[in-house]
Amino acid sequence: MPPERILEHNDYLGTYNPTARDPPILRKLIAARELNVPLWDVVPIYPFQKHVWELDLVNNMAVAFEFAIAELVRSLFRAPVKNEKGVVSIDSTQSTNKHYSTTEDNEYLYGMMDKKLVNTYNQINLDNMQLKFSLQPIHAELNHIFAVPVPGLTREIVEENPYLRGAIYRLHHAYEETGFDEHYFDLLTDFAKNGPDKRTIIAEVAITCLEFFQVKDKHSGRVIQGMEDGSDEEEVVHIVRFEVVTDENQEDGGERDIGNWKIIDVDDLLEGNVFH
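Written out as structure tokens, the structure reads:
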């Protein structure tokens, strides 16, 4: 069962985010344009129709999620991970290798997952735990996709300029109070000077997986979380949020440069890991 916020169509845009007032199809159109998808490939002709670009997007995200989870558990448990025929599996009771990269020095992992999310997993004490785990994505569905409504607002820029966090809501309040006045355009200029051609896209996908999950106490062998030995895999739905930054490309006929998608939250662990 998806989280309650998914059933309530809450996409963590924020109460005062002006984009939250837009219908989902408009948000999708704006985001798709940033991803170089033509208008006619986005608007559904039939109810519930999904275009090829959307299917490709969510299927690629399911694969990215699989690889990211594999690298995460490999680094956390310092144990080999198998990836055979679309199934990721690890059994840390069999062997460990202290030469495997930790999460702290695994640049490949940080290229797939936001550092705040990785650091959250790092805080779990795994010293006395052993993991037996397998995961196979079997279906992916797009819940939400939207562009952060102000150009020039990216996670990196906000990290470098902390005062910008929450500025989108201050901008909205300024408009609500006095309209397009000098104060409003001063705030807008503040965004633009940091990178006016950049745009952040956030996509949220429900990824259904066949999964076995078991954590044992290393010393007693007792199952302390998850499934018992011999249990069959179960269908589990993970809510995975991705983020990418697009940029203007002057040399390619108006096509946007698209960066690398990165996972910023899994199962609402960080409440969407909203940065703006």
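In this note's numbering, each number is its position in the sequence shown, counted from 1, plus 23. All residues carry an ideal CB built from backbone N, CA and C; glycine is no exception.
Asked: What are the complete beta strand (DSSP E) segments, minimum 3 residues, inside the stretch 149-213?; Found: 152-170
Asked: Measure from the alpha carbon of I262 to the alpha carbon of each residue in T269, D45, S243 and D288, then state which is nearest.; Found: D288
Asked: Could you have a look at G134 and say whether DSSP puts it in helix, strand or coil?; Found: helix
Asked: To which residues of the same chain is T223 closer than 6 Å at the C-beta, ignoring the five residues directly before and after it?; Found: V171, T177 and V268
Asked: Would you mind stating whether Y144 and E94 have Cβ atoms separated by less than 8 Å?; Found: no
Asked: How about A229 and E271: do their beta carbons lie closer than 8 Å?; Found: no
Asked: Determine the closest residue to L297 out of S115, K139 and N283, with distance taken between C-alpha atoms.; Found: Before going on, a small fix: residue 297 reads as Val here, not Leu. Checking every option, the nearest Cα to that of V297 belongs to K139.
Asked: Between the Cα of I161 and those of L58, V259 and G282, spot the shortest distance and give me the residue it belongs to.; Found: V259
Asked: Below 8 Å on the Cβ atoms is my contact criterion, and I expect M135 with A87 to pass it. Report the Cβ-Cβ distance as a whole number of Å.; Found: 7 Å
Asked: So is H242 buried or exposed if we call it buried at 16+ other beta carbons inside 10 Å?; Found: exposed
Asked: With a CB to CB cut of under 7 Å and the five nearest residues on each side skipped, what residues in its chain are close to F236?; Found: F156, G249 and M250
Asked: From E182 to N283, what does the alpha carbon distance come to, in whole angstroms?; Found: 18 Å
Asked: Along the chain, where does the alpha helix (DSSP H) that runs through L292 open and close?; Found: It is not in any alpha helix (DSSP H) - L292 carries neither H nor E in the DSSP assignment.
Asked: Return yes when the Cβ of D137 is within less than 8 Å of the Cβ of I286, no when it is not.; Found: yes
Asked: Using a 10 Å radius around the Cβ and a threshold of 16 neighbouring Cβ atoms, would you call R279 buried or exposed?; Found: buried
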